[in-house]
Amino acid sequence: MSDDAIVGIDLGTTNSLAAVMTPAGPEIIRDESGNSLMPSVIAFHPDRSVSVGSEAKSGAVANPLTTVYSVKRLMGKGLADLAEDRRVLPYHVVGGEGSAVSTEAPAGGRDLVKVDVNGRLMTPEQLSAIILSEVRARAAKALGRPITQAVVTVPAYFDDAQRQATRDAGRIAGLEVKRIVNEPTAATLAYGLDRQEDATVTVFDLGGGTFDISILKIAGGVCQVLATHGDTHLGGDDLDRELIDLIAGEIRRRYGQNITFPPATRQALRSFAEAAKIRLSDSDEAAVEVDLGEGRTFRRTISREEFESLAAKWIDHTIEHCRRALADARLAPEQIDRVVMVGGCTRIPYVRRRVGELFGAEKLYTAVNPEEVVALGAAVQAGILAGVRRDMLLLDVTPLSLGIETLGGATGKLIMRNTTIPCQTSEVFTTYVDGQTAVDIHVLQGERELAADCRSLGRFQLRGIPPMPAGAPRIRVTFLIDANGILNVSAREERSGKSASIQITPSHGLTRREVEQMVKESLTKAGEDMLAHQLIDLRNEAGRILKAVGQALAGAGGALNDQQRRMLDSAVALLKARMAGDDPDQIYAAMEMLNDAAAPLTEAQMDEVLRKTVKGRKLDEF
Amino acid sequence: MEEKTNQALPEKCVRCSRPMTSPLFCDYCQTLHPVPGVVDHFQLLGLPRRFDADQQALHESYVALSRHTHPDYHVDDSAEAQALSMTVSAAINEAYRTLSDPIRRAAYLLELLGGPPSAEDKSVPDGFLETMMMMQEELMDARSAGKAEELARLGAVLQTQQEGLMKHVAGLYAELDQAVSCKATRQDLLHEIRKQLNAVAYVRKLLSQARQEQS
């Protein structure tokens, strides 16, 4: 296989993982202990080092303010979208009008969020980039070669801003994102790879934070998406939150409404809720025990029925989305041959029962590891892109209608949802005032009639229109949704044939300049972080050497002559002085000097050990 | 309106000069070609300009073309070729989307044949508006009463009505095929098709309302 293999990455709300295409088929990349899933959790330590994965997750209870998880929920969102999430997330999510990393003037109406970890402000893109970097590093280690290209999956129902944010995160992580592929579609690729029969398949994908339903036709190696629906804010996190609210409510009733939950307790509640949810998939009940301090302990058993009644309203939503997708595909549940269950939440018996009720229980198909299917599919897509699998063709759709704001605040739809991508349309704009040289276009995504109810993608300003009487210019604006589901806009004035320039102000998300700035910053920051890490290691190592030398001096110090002793003392003093500094090279050089100066001591020590051993033997012999 | 006649398509590959069977790519050297400005959806997918288009042939042609043009197969090409694969794929997708749906296909074909556009000819069949007014009232009643079953029933009625109208349209297109030489008959038929399609648009709107209310 070539050195520049493209890996498939499932960047999940809860867990992330990678897979790679091999001649034998797609394979999940595992660490030394055989784990494929890496928790999408980042811990920021006081010494400025950062850890990602299980280690970060296990410290979440102790360090609630500096442990960041569920970043995917923040991607491409504004502060106003996240009121509910901010209530439960222990770390600080703040507004980011303007940008901490950019000197650009804050753009009008832009609604960004940042995570504030001890005053260090980071965008969701940068945080996701940290996770992607770790996945990348682990994959590189497992495969024994550098990774520079990736296919990254996103929920099918991700809008343009969320897709752009994901692609930007890849770029900041130093990955060339060859394709953004929809998670249910990826799952279908993995499912359909070895199956030759033609079928109409539904993918029900309920993950940690997002829900997708896609309906596809598989025939002769062609996977054609007919319709997709979903909710990018519905998942296992919501079920956890129901349990948290239940437990917290009962604690308040028992110990008074005024009891406060410090971040550590909130984080602990979250861990208990998640554990209880998982336990209830196999058992009829789960015990919960929360230490509230001051000798107070809250104990409670949650039954499966109880959990199901809490989960019902969320699962009702998923079933409703299924019906809508079926209507869009103009299919009845009976016409679906298979339902592929994807995502950790499809392990929940209640979810399986409800989906089975709609489609027929015998149609449900669950992979051995529903958490791994998406990454496997991403690897298949990587194989298609690399030309390894030319027999498969993937035809995906755009999940949301694209429109522009028209006079009076209505939405004029240009591209309908469930249109196969890539797709394009063009619209002619003109001017209203004589000599007008710029036109504003407000681009929207969504199904609602009023512009205010749709998702604002951004404002596009056409500039450089030649001055003409009002209504004379004909500016043809082309809206193209590419194979990543991302919008590209271009414009041309038809009378003059000039392409008009477009300045884009994304409503949520970063400008191109900001992304580039972050890429640069991540490189230098990575350098700084690495340096910090290296310094810590070196200081630890130096400390060990000093301690060893001290012990050896106490034991065999008498064996040194005066000159040797002076040399050793000055080397010790030098290392102690340089350890306080920040230059790793200087510390390293001093360590080398001390090692040299301590050589006679080491020899003397060895002699001493040898003598004792010999003595010991003699004693034994008697 | 004049009927748009089939345009001559480029016959030779710009790169290797070999004859091409599709205007979009060379079978021999795989070079992609830009979509010719004059080409219609039928030509693009290599099908005869007919309403009763062979759906299987349509799908096969669509897939075969996509296998050459889809951006997934051009990721390592030059930026230019990548952009071309995107616009060519978009054109194929648009053509397939139009021709695979009977209502869209009927409207598109009417335009190609020089039939009256909906903006100019808003006529509907006799008695149609009265029926629709009644349906609309029933829909509103069912909605305000929150009767899901009644909404579903009305939806089914509208669905049947739409199918009936489209059957009529198919019959008119078949007649049109017979009336090759008589210009007056053709104009009458095109006008009649427009009338039916206007009615279909109306039914479709109510149908989507009924479905929205249901969910």
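In order, the protein sequences belong to chains A and B. Under this note's numbering, the first sequence is numbered contiguously, ending at residue 622. Under this note's numbering, the second sequence is numbered contiguously, ending at residue 1215. All residues carry an ideal CB built from backbone N, CA and C; glycine is no exception.
- At a cut-off of 8 angstroms between beta carbons, Ser1078(B) makes no contact with chain A.
- When C-alpha distances from Arg565(A) are compared across Val549(A), Ser70(A), Ile545(A), Ala60(A), the shortest belongs to Val549(A).
- Distance check between Phe44(A) and each of Asp596(A), Leu393(A), Val68(A) places Val68(A) closest, using alpha-carbon atoms only.
- When DSSP states are grouped into helix, strand and coil, Ile475(A) belongs to the strand group.
- Assigned with DSSP and collapsed to three states, Tyr1073(B) falls in helix.
- Of all residues in the segment 409-440 of chain A, those with a C-beta nearer than 7 angstroms to a C-beta of chain B are Thr419, Thr420, Pro422, Cys423, Gln424, reading in chain order.
- Note that the segment 1079-1089 of chain B does not touch the segment 1179-1188 of chain B; fewer than 3 beta-carbon pairs, one per stretch, sit closer than 8 angstroms.
- The way I'd put it, the segment 174-190 of chain A doesn't touch the segment 358-366 of chain A; fewer than three beta-carbon pairs between them come closer than 8 angstroms.
- For Pro1117(B), the closest Cβ of chain A is not nearer than 8 angstroms.
- At a beta-carbon threshold of 7 angstroms, none of the residues of chain A lie near Thr1031(B); the nearest stands roughly 17 angstroms away.
- In the pairwise beta carbon analysis, the segment 294-305 of chain A is classified as not touching the segment 89-96 of chain A: fewer than three pairs are separated by under 8 angstroms.
- Within the model, the alpha-carbon separation for Glu603(A) versus Asp116(A) is close to 54 angstroms.
- In this structure, Met38(A) places its C-beta atom within 8 angstroms of the C-beta atom of Val135(A).
- Val1088(B) carries a helical assignment under DSSP once its states are collapsed to helix, strand and coil.
- According to the DSSP secondary-structure assignment, His92(A) is paired through a beta bridge with Asp116(A).
- Ile215(A) places its beta carbon 8 angstroms or farther from that of Thr232(A).
- The beta-carbon distance between Gly485(A) and Ile180(A), rounded to whole angstroms, is 6 angstroms. This is short enough to meet the 8 angstroms contact definition.
- Annotation: Gly446(A) is outside any alpha helix (DSSP H) and is labelled neither H nor E by DSSP.
- Counting other Cβ atoms within 10 Å of its Cβ, Pro467(A) stays below 16 and is therefore classed as exposed.
- In the structure shown, the three-state DSSP call for Pro64(A) is helix.
- Look at the segment 301-358 of chain A and you find these whole runs of alpha helix (DSSP H), each 4 residues long or longer: 304-329.
- When 8 angstroms is used as the limit between beta carbons, Asp482(A) is near these residues of chain B: Pro1071, Met1086, in chain order.
- Spanning the alpha carbons of Ala472(A) and Asp434(A) requires a straight line of approximately 9 angstroms.
- By the beta-carbon neighbour count (other beta carbons within 10 angstroms, threshold 16), Cys223(A) is buried.
- When the Cα atoms are used, Arg266(A) and Gly209(A) turn out to be separated by approximately 18 angstroms.
- Non-local beta-carbon contacts of Thr1021(B) in its own chain, meaning distances under 7 angstroms to residues more than five positions away in sequence, involve Asp1027 in chain order.
- When the beta-carbon positions are compared, Thr419(A) and Cys454(A) stay at least 8 angstroms from each other.
- Residues of the same chain with a CB within less than 7 angstroms of the CB of Gly119(A), apart from the 5 flanking positions on each side, do not exist.
- Three or more beta-carbon pairs separated by less than 8 angstroms are not found between the segment 371-384 of chain A and the segment 324-339 of chain A, which leaves the two stretches without contact.
- In the three-state reduction of the DSSP assignment, Phe158(A) falls in the coil class.
- For Val1157(B), there are no neighbours in chain A by C-beta distance under 7 angstroms, as the nearest C-beta there is about 17 angstroms away.
- From the beta-carbon of Glu1094(B), the residues of chain A found nearer than 7 angstroms are Cys423.
- Counting only residues of its own chain and dropping the five nearest sequence neighbours on each side, Val1203(B) has a CB closer than 8 angstroms to the CB of Met1132, Leu1158, Gln1161, Gln1162, Leu1165.
- For Glu427(A), there is no enclosing alpha helix (DSSP H); the residue is found in the beta strand (DSSP E) stretching over 423-429.
- By the Cβ-count criterion, Val428(A) is exposed, with fewer than 16 other Cβ atoms from all chains shown falling within 10 Å of its own Cβ.
- For the pair Leu1154(B) and Leu1139(B), the CB atoms are nearer than the 8 angstroms cut-off.
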